[in-house]
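Following: one structure in structure tokens, then a few remarks.
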Amino acid sequence: MKKIVIFGVGLIGGSFALALRKAGAVIEVVGFGRSSSTLEQAKQLGILDRIGSDVAREVRDADLVLLATPVAQMAELFARIAPYLGTHTLVTDGGSTKGDVVAAARAHLGGKLAQFVPAHPIAGAERSGAAAAMADLYQGKKVVLTPLPENSKDTVARVRKAWEMCGANVSELMPQQHDEVFAAVSHLPHLLSFALVHDIAQRGNRDQLLSFAASGFRDFTRIAASSPEMWRDICLANRDAMMRELQQYAAELYVLHQALENNDAAKLEEIFSLAREVRSAWTPQ
191 MKKIVIFGVG LIGGSFALAL RKAGAVIEVV GFGRSSSTLE QAKQLGILDR IGSDVAREVR
251 DADLVLLATP VAQMAELFAR IAPYLGTHTL VTDGGSTKGD VVAAARAHLG GKLAQFVPAH
311 PIAGAERSGA AAAMADLYQG KKVVLTPLPE NSKDTVARVR KAWEMCGANV SELMPQQHDE
371 VFAAVSHLPH LLSFALVHDI AQRGNRDQLL SFAASGFRDF TRIAASSPEM WRDICLANRD
431 AMMRELQQYA AELYVLHQAL ENNDAAKLEE IFSLAREVRS AWTPQ
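Numbering (this note's numbering), first residue to last: 191 to 475.
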């Protein structure tokens, strides 16, 4: 690719640029964002060649545009870039929800909708910003594409190739499938982690509790150090699926509550044994 344009040059966007640079797959990277200091930092770190100032000029001749902002900002970005997208310019994103992003694209891209291939890189870290970007972030990680009926096979293949050049293993789901799957295995765990730390944080003996917290607490709550803005947007964007998952989890907690109340050792062991069996057999990909 001669040129890519990235909106949101943080962990996801910055790592995308660095990975393509490492692969020798891009000549020029232009970045846009809300923070001039972050953009300047991204340029100093070699993520960007230039900081964009004119959206029309930059997206017109770009090979690929990546939207790597919180999902709540994407509708505005679609509206900004739609009038200026070149006929060969493709658009993808790094949002953790897909139903809302696809709806925003349909509302704002108009006749350019077929040029957008939604994506979700299953890679991240608790740190954010340009300084967190890593050239190998996507190496061996999954990226899920949720192609639209309007996308041509060639368009999907080009976007797939871009993510594969970053080292990712690319798979495909329907947008609704994606949101249901990730509500269960990604969005709910983050919500629970935030909730536990928030609960501890409000207690009068918070410092004492944290002073005795060890690896179990550390491992379970690691993701509570993630971006509050990003996870606020994800929870609201995937609200219906999240509410279903919370209801399911609440029912599971009630079963545990009843087992404890009834001193039901057999039930507790049954639950723990199945959980241990499944967790031990699972290998992250």
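Think of the CB as a built atom: it goes at the ideal place given N, C-alpha and C, for glycine as much as any other residue.
None of the values given here were measured: they were computed from a predicted structure.
Extent of the continuous alpha helix (DSSP H) to which glycine 289 belongs = Start and end: 289-298.
Point to revise | Cα-Cα separation between phenylalanine 306 and lysine 343, rounded to whole angstroms | key: Answer to the nearest angstrom: the Cα atoms are 12 angstroms apart.
Complete beta strand (DSSP E) runs within the region 376-449 (minimum length 3 residues, chain order)
Here no run is fully enclosed.
Per DSSP, cross-strand counterpart(s) of threonine 282: Paired residues: Leu256, Val307.
- Message: Taking the beta strand (DSSP E) that leucine 335 belongs to, which residues open and close that run?
- Response: 332-335 is the extent of the beta strand (DSSP E) around leucine 335.
_DSSP three-state label for valine 199, please._
Three-state DSSP puts valine 199 in coil, outside helix and strand.
Closest Cα partner of alanine 309 within the set Ala297, Ala320, Lys288: Taking alanine 309 as reference, the option from Ala297, Ala320, Lys288 with the minimal CA-CA separation is Lys288.
Residue nearest to alanine 414 in terms of C-alpha spacing, selected from Ala385, Phe402, Ala441, Ser405: The candidate whose alpha carbon is nearest that of alanine 414 is Ala385.
Between Val245, Ala313, Leu327, Leu280, which has its C-alpha nearest leucine 208's C-alpha? Check the Cα spacing between leucine 208 and each of Val245, Ala313, Leu327, Leu280: the tightest is with Leu327.
*Run of the alpha helix (DSSP H) containing arginine 371, from where it starts to where it stops*: Note on identity: in this sequence residue 371 is valine, with arginine being the wrong assignment. Counting along the chain, valine 371 sits inside the alpha helix (DSSP H) bounded by residues 365-372.
Assuming glutamate 340 is part of the beta strand (DSSP E), what are its boundary residues?
For glutamate 340, there is no enclosing beta strand (DSSP E), as DSSP gives it neither H nor E.
Start and end of the beta strand (DSSP E) containing serine 361?
Boundaries of the beta strand (DSSP E) harbouring serine 361: 359-362, taken from the DSSP string.
Express the C-alpha separation of alanine 246 and valine 219 in angstroms, rounding to a whole number. Cα to Cα, valine 219 sits roughly 15 angstroms from alanine 246.
*When DSSP labels each residue in this structure, what does glycine 223 get in the three-state scheme?*
Residue state, collapsed to three classes: coil.
Report the residue from Lys457, Ile312, Leu382, Arg429 whose alpha carbon sits nearest the alpha carbon of leucine 201. Nearest of Lys457, Ile312, Leu382, Arg429 to leucine 201, Cα basis: Ile312.
Next item on the list: Could you check how far apart the C-beta atoms of leucine 256 and aspartate 283 are, in whole angstroms? I think they sit under 8 angstroms.
Entry: Confirmed, Cβ separation roughly 7 angstroms.
May I ask which residues mark the beginning and end of the alpha helix (DSSP H) holding methionine 264? Taken as a continuous stretch (DSSP letters only), the alpha helix (DSSP H) holding methionine 264 covers 264-271.
Could you have a look at isoleucine 312 and say whether DSSP puts it in helix, strand or coil? Note: isoleucine 312 maps to strand in three-state DSSP.
Near alanine 431, what residues of its chain come up, given a Cβ to Cβ distance below 6 angstroms and the 5 sequence neighbours on each side ignored? Cβ neighbours of alanine 431 beyond the five flanking positions: Asp369, Glu370, Ala373.
Inset, instruction - Work out the CA separation of isoleucine 194 and alanine 295 for me, nearest whole Å. - result: The C-alpha of alanine 295 lies about 19 angstroms from the C-alpha of isoleucine 194.
Quiz item: Thinking just about the alpha-carbon of each residue, which of Met420, Glu362, Gly276 is nearest to the one in proline 339?
Solution: Looking at the Cα atoms, Glu362 is the closest of the given residues.
**Message:** Taking 8 angstroms as the threshold (C-beta atoms), are glycine 314 and threonine 228 in contact?
**Reply:** Not in contact: threonine 228 and glycine 314 (Cβ atoms no closer than 8 angstroms).
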